[in-house]
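Data first, discussion second: the structure below is written as structure tokens.
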Amino acid sequence: MTHYGHFIGGSFVPGTDFDENRNPSDTRDIVGLYARGGEADIDAAVAAAEAAFPAWAGASLSVRSEALRRIADGITARQGQLADMLAREEGKTLGEAIGEVRRAAATFAYYSAEILHARGAVYDGLASGQSIETVHRPLGVIGIITPWNFPIAIPAWKSAPALAYGNTVVLKPAELTPGTAWLLADVIRESGLPDGVFNLVMGPGRVIGSRLCESAGVRAITFTGSSDVGRGVARSAVEHGLKKVQLELGGKNPLVVMDDADLGTAVAAALDGAYGSTGQRCTASSRLIVHDAVHDEFVTALVSELQTVTVGDARAAGTRMGPAVSAEQLQQDLDYIGLGGEEGAELAFGGEALHLATPGHFLQPTLLTGTRNDWRINQEEIFGPVATVIRVDDYDEAVEFANDVDYGLSAGIITRSLARARDFSARSQAGLISVNRSPAGSEYHVPFGGAKASSYGSREQGTAAREFFTTTSTIYTHPGEV
Ligand code: NAD
């Protein structure tokens with residue numbers, strides 16, 4: 392069994408303690424033994440990143456741009472290996488995993504080009520002869536804490552802009568998916584990035600994640616994960632040195648299906664939005680808010696599509712939906728299905744764990760109908776392939792329910808009316824709004840993030856990322872006497 396160590400100061404370092412990484416499609420399959428880091432490993436990684444910072448911050452734009460391009464090319468060259476690891480340790484289907492790996496490569500390529508466009512501004516001063524310039528400077532060491540559900544896309548969309556704008560990085564991936572992060576570190580090692588610019592420490596969040604937030608050498612923390620952990624991360628990061636903080640958290644996202652919807656579009660959007668990636672997406676549209684006039688037809692059509700979804704081993708040909716990531720996640724999904732029954736929901740499809748040829752955490756795609764928006768199953772993030780239907784009488788009620796939740800990450804509407812689409816976009820409280828498409832997908836070149844309990848701090852991705860990964864200096868220059 393192979394042992395995998397942390398990546399600190401340009402080399403892989405052997406760990407002392409290790410955790411098994413198991414395949415959720417077949418729990419007999421141990422992917423590898425990954426180092427379980429402690430506080431000393433974080434301290435060593437932060438020290439390496441601090442030492443590397445001045446030279447990297449001062450490196451020319453072409454050096455940084457070309458380094459990111461090499462990482463993008465390295466990910467592409469190892470796409471098959473990365474996607475196989477991702478599917479094996481996280482449970483996304485191979486097709487979904489390939490898509491995620493491609494996106495990670497595209498993100499590095501994007502920031503390789505984006506920094507060549509990044510510029511400050513020049514203003515005339517109020518005093519005569521004076522000019523004012525703004526410049527965007529790197530912050531220093533960035534602590535990156537990531538979840539298991541996008542084990543390469545999220546590390547990429549945080550690391551690429553961090554590095555592009557001249558910062559150095561310590562990445563702490565989720566305990567359940569160290570393998571993909573380790574391979575990303577290996578791609579970065581091969582790319583020839585200077586020692587210490589990118590570091591990886593694996594292990595338990597409450598030990599090494601919290602150490603990263605407390606570390607005096609870290610200037611900013613960018614976190615994606617659950618709302619409860621995120622709140623603690625922000626508190627600690629501010630308390631320990633007033634670090635800059637960015638949080639991307641949970642969601643409970645609505646998809647509104649109006650009476651004038653094209654039903655094919657609505658069913659396709661619900662299928663992808665609620666069940667894609669086994670429903671384990673922060674942007675998953677798990678609340679289907681459906682107009683009474685099309686309710687029965689929509690539910691019948693969605694159920695008939697769900698009957699065709701093959702659940703199985705994430706890496707097997709023909710699998711449409713992989714397993715839940717872990718036994719705990721599967722149990723949480725089943726508990727919420729049980730709670731839905733207690734709250735009065737009807738089971739329109741699924742609801743059962745599946746026992747297949749391999750021991751894995753398989754669950755039927757599940758649809759609960761006859762639900763009310765104020766029930767817990769409609770207010771709390773389930774994070775599995777479980778969607779609910781909320782029947783509404785009119786458009787205003789649909790908008791009210793869409794917004795009536797603590798979260799505000801994504802929202803969607805299916806309608807043929809341009810006026811309604813525009814009105815929904817104006818009244819939705821979500822950060823990501825979709826019309827006539829699945830609300831779960833997003834693109835890497837535009838701002839990403841939510842509102843209310845879903846996000847905190849500045850937006851990620853696209854040009855918006857510069858706001859978080861740099862600090863602005865304003866330079867006043869007076870020419871003095873000639
Ligand atoms: P999680 O909060 O359990 O863990 C996220 C990361 O935080 C992990 O690396 C974990 O080890 C670390 N961590 C745990 N305790 C910590 C502590 N005390 N201090 C510092 N770090 C700590 O989340 P998860 O289960 O990995 O991911 C699922 C959650 O992520 C869902 O709620 C989902 O909605 C959310 N998510 C949000 C987005 C978004 O962009 N809004 C994207 C993906 C996932």
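Letter by letter, the sequence shown follows residues 392 to 873 of our numbering.
Where is the CB? At the ideal position from N, CA and C, for every residue including glycine.
Excluding the 5 residues flanking I773 on each side, which residues of the same chain have their C-beta closer than 8 Å to its C-beta?
Taken in chain order, the residues that qualify are G670, S677, Q723, D724 and Y727.
Do I535 and V560 count as a contact pair if the criterion is CB distance below 9 Å?
Inclusion of V560 and I535 in the CB contact set at 9 Å is warranted, their separation being smaller than that value.
Spatial neighbours of D663 within its chain, please: CB distance less than 7 Å, with the 5 preceding and 5 following residues excluded, ordered by chain position.
Residues S829 and A831 of the same chain have their beta carbon placed closer than 7 Å to that of D663, with the five preceding and five following residues left out of the count.
Could you check whether the Cβ of E566 sits closer than 8 Å to any heavy atom belonging to the ligand NAD?
Yes; taking the cut-off as 8 Å, the Cβ of E566 has a heavy atom of the ligand NAD nearer than that.
Just how far apart, CA to CA, sit T701 and Y666?
Using only the alpha carbons, I get a separation of about 12 Å.
Return the residue from the list D704, R711 and R763 that minimises the CA-CA distance to G731.
Distance from the Cα of G731 is smallest, within the candidate group D704, R711 and R763, for R763.
Where does the unbroken beta strand (DSSP E) through K643 begin, and where does it stop?
Careful: K643 lies outside any beta strand (DSSP E) and carries neither H nor E.
D683 lies in the alpha helix (DSSP H); which residues open and close that run?
Annotation: the continuous alpha helix (DSSP H) that includes D683 extends over D683 to L697.
Over what stretch of residues does the alpha helix (DSSP H) that includes I466 continue unbroken?
That run of the alpha helix (DSSP H) goes L452 to A468.
State yes or no: is the C-beta of P756 within less than 9 Å of the C-beta of L697?
Going by C-beta atoms, P756 is nearer than 9 Å to L697.
Where DSSP assigns a beta bridge to H476, which residues make up the other side?
Correcting the residue type first, residue 476 is Met in the shown sequence and not His. Per DSSP, none; premise fails for M476.
Does at least one heavy atom of the ligand NAD sit under 8 Å from the Cβ of S627?
Because some heavy atom of the ligand NAD lies under 8 Å away, the Cβ of S627 counts as near it: yes.
What do you reckon, are the CB atoms on T407 and A435 nearer than 9 Å?
No, the pair does not count as a contact, with Cβ atoms beyond the cut-off.
Please report the straight-line C-alpha distance between P870 and L452, rounded to a whole angstrom.
P870 and L452: Cα-Cα distance of roughly 28 Å.
Going by the C-beta, is D619 closer than 8 Å to any heavy atom of the ligand NAD?
Taking 8 Å as the cut-off, the C-beta of D619 counts as close to a heavy atom of the ligand NAD.
Does the beta carbon of V532 fall short of 8 Å from some heavy atom of the ligand NAD?
No heavy atom of the ligand NAD is found nearer than 8 Å to the CB of V532.
Distance cut-off 8 Å: E487 Cβ against heavy atoms of the ligand NAD
No, since every heavy atom of the ligand NAD falls outside the 8 Å radius drawn around the Cβ of E487.
With distances taken from CA atoms, which of D417, W447, A659 and E639 is nearest R528?
Of the candidates D417, W447, A659 and E639, the one whose C-alpha sits nearest the C-alpha of R528 is W447.
Rounded to the nearest angstrom, what separates S801 and N769 at their Cα positions?
Going by the C-alpha atoms only, they are around 15 Å apart.
Taking C-alpha atoms, which residue in P714, G490 and S503 lies nearest to V777?
The shortest CA-to-CA distance from V777 to any of P714, G490 and S503 is the one to P714.
Would you decide whether I866 is buried or exposed? Buried here means 16 or more other CB atoms lie within 10 Å of its CB.
The residue in question, I866, is exposed, as its Cβ has fewer than 16 Cβ neighbours within 10 Å.
On the CB-based measure, 16 or more other CB atoms within 10 Å of its CB, does D475 come out buried or exposed?
Taking a 10 Å sphere around the C-beta of D475, we find 16 or more other C-beta atoms and assign the residue as buried.
For the beta strand (DSSP E) holding D795, just list the boundary residues, first then last.
Where D795 is concerned, there is no enclosing beta strand (DSSP E), given that its DSSP letter is neither H nor E.
Just to check my reading of the structure: W573 and L562 have Cβ atoms closer than 8 Å, yes? What is that Cβ distance to the nearest angstrom?
With a Cβ gap of about 10 Å, W573 and L562 do not count as contacting.
Are there any heavy atoms of the ligand NAD lying less than 8 Å away from the beta-carbon of P830, as far as the coordinates show?
Taking the Cβ of P830 as the reference point, every heavy atom of the ligand NAD lies at 8 Å or farther away.
Reference G594, options A518, D683 and Y395, closest by Cα
Ranking A518, D683 and Y395 by Cα distance to G594 puts Y395 first.
Does any heavy atom of the ligand NAD sit closer than 8 Å to the C-beta of S845?
Yes; taking the cut-off as 8 Å, the Cβ of S845 has a heavy atom of the ligand NAD nearer than that.
For R678, write down the residues that DSSP places opposite it in a beta bridge.
In DSSP, R678 forms a bridge with P645 and T779.
Alpha carbon to alpha carbon, how far is A817 from L575? Give it in angstroms, no decimals.
L575 and A817 have their C-alpha atoms some 39 Å from each other.
Report all residues from its chain with a CB closer than 7 Å to the CB of E605; omit the five preceding and five following residues, and keep chain order.
The answer, listed in chain order, is S627 and H631.
Segment contact flag, the segment 790-805 with the segment 635-644, C-beta cutoff 8 Å, min 3 pairs
These segments touch.
Give me the residue from R460, E480 and I433 with the minimum Cα distance to R419.
Per the Cα distances, E480.
Cβ pair G587, A458 closer than 9 Å:
Result no, Cβ atoms of G587 and A458 do not sit closer than 9 Å.
Across which residues does DSSP place P529 in a beta bridge pair?
According to DSSP, which records beta bridges pairwise, P529 is partnered with T861.
How big is the Cα-Cα spacing for D651 and R807?
Cα to Cα, the separation comes out at about 6 Å.
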